[in-house]
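Some notes on the structure that comes next.
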Amino acid sequence: MTNTPPSTVDKKYLIVKCTIGVCLLIAITAFLTNPDQAAHLKPLKETIVLKYPYAGGDSRNANALRYPYGGRDISVYSFPLLQYHNYGVFSTTGWSTKIYSYGYFGRIQTTDDIVELANQM
35 MTNTPPSTVD KKYLIVKCTI GVCLLIAITA FLTNPDQAAH LKPLKETIVL KYPYAGGDSR
95 NANALRYPYG GRDISVYSFP LLQYHNYGVF STTGWSTKIY SYGYFGRIQT TDDIVELANQ
155 M
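Under the working numbering, think of the first position of the sequence shown as 35, with each following residue one higher.
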């Protein structure tokens, strides 16, 4: 019995199989770790509060720390207007044509358009 080296066709077939396997593994992982709507709202609220701690509120007011937007809870007024879109392997949260956050692999990233959302509150 002789050992013959694998042909180049066999090597290419193996490379294609491995590439498809890795791509499927990445797609399945992205699908299983796609953030839900509640996961999007928390970073949006935290980002707005960090960037605009007293927008519309008074820093001397006791409620300004709890409700930085003039004594009102920002989730009650503006967040129900946001639309959550689930695309399977990633998700977005936006309003009209603007996207304020996108999520993938269990992470949420807010966009620079969050400034417009804070100004609309």
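C-beta atoms are modelled at their ideal positions from N, C-alpha and C, and glycine is treated no differently.
Only a predicted model underlies this, so the values are computations on that prediction, with no experimental measurement involved.
Residue i burial status per 10 Å Cβ neighbour count (16 or more: buried)
i: leucine 48; result: exposed
i: glycine 55; result: exposed
i: isoleucine 62; result: exposed
i: isoleucine 82; result: buried
i: threonine 53; result: exposed
i: glycine 137; result: buried
Beta-carbon separation (whole angstroms), residue i vs residue j, contact threshold 8 Å
i: serine 135; j: glutamine 143; result: 6 Å
Pairwise C-alpha distance: residue j and residue i
i: leucine 66; j: alanine 72; result: 16 Å
i: valine 43; j: cysteine 57; result: 21 Å
i: leucine 116; j: phenylalanine 124; result: 17 Å
i: leucine 78; j: aspartate 70; result: 13 Å
i: glutamate 150; j: isoleucine 133; result: 11 Å
i: arginine 141; j: lysine 76; result: 12 Å
i: valine 50; j: alanine 64; result: 21 Å
i: isoleucine 60; j: aspartate 147; result: 29 Å
i: glutamate 80; j: lysine 45; result: 51 Å
Check whether residue i and residue j have beta carbons under 7 Å apart
i: tyrosine 121; j: threonine 127; result: no
Threshold first: 4 residues or longer. Then list the alpha helix (DSSP H) segments lying entirely within the stretch 50–92, N to C. 71–85
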